[in-house]
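Residue numbers (this note's numbering): 23 to 205.
Even for Gly, the Cβ is constructed at its ideal location relative to N, Cα and C.
Source: prediction; values computed, not measured.
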């Protein structure tokens, strides 16, 4: 509990330092985002392009997707997801290798450092910052590719539901022609 009249912060907040830190974080984050996005694009481009195509078809609200377009979606999405899944595993391998390289360099730096365990740990962690960032980039890229694949599977399931619904509407229209369009 803070006593009355005692400042709770160890020092006064310096807005200039905070803004400089934010600028540094933003610059480094942009670099990391660029690296991750390049990796993701390399592994997801065909899937991304096809999902963008599907979105453009869906965005045309005056012309709902035809049965032929839905058939095209339902046949092509699994193929693209298959190859993206294979690429995801390759990305996972690269992440594992990045981790192994970082650990190897960390161990060497730790062994070569002098001083206390804390000193050696600090020196080793500082020595492998770039390797750590590289490993993190691969981790983030892996997660992003995996999320896109999961979204692709959700899209596929949604398309299947639309096709099923259309089939049911067609069957109902044969029984009751007034029900065309689900009305």
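If I measure Cβ to Cβ from residue 162 and keep anything under 7 Å in the same chain, skipping five residues before and after, which residues do I get?
Closer than 7 Å at the Cβ level, and outside the excluded window around residue 162, lie 58.
Mind checking whether residue 128 and residue 146 have CB atoms under 8 Å apart?
yes
Buried versus exposed, by CB contacts within 10 Å (16 or more), residue 64:
exposed
Assigned exposure category for residue 172 - 16 Cβ within 10 Å defines buried
exposed
C-beta atoms of residue 100 and residue 177 nearer than 8 Å
no
Start-to-end residues for the alpha helix (DSSP H) that takes in residue 135:
Run containing residue 135: none; DSSP gives neither H nor E here.
Nearest candidate by alpha-carbon position, reference residue 54, set 156, 183, 181 and 175:
156
Nearest-angstrom Cα separation, counted from residue 102 out to residue 135:
If I take the Cα positions, the gap works out to 49 Å.
Within its chain, find whatever has a CB closer than 6 Å to the CB of residue 170; leave out the 5 residues flanking it on each side and keep chain order.
66
Contained alpha helix (DSSP H) runs [length at least 4] in the segment 142-201, N- to C-terminal order
Within the segment 142-201, the complete alpha helix (DSSP H) runs of at least 4 residues are 151-197.
Quick one: is residue 106 buried, meaning 16 or more other Cβ sit within 10 Å of its Cβ, or exposed?
buried
Residue 160 and residue 117 - do their beta-carbons sit closer together than 8 Å?
yes
What's the call for residue 187, buried or exposed, on a 16-neighbour Cβ count within 10 Å?
exposed
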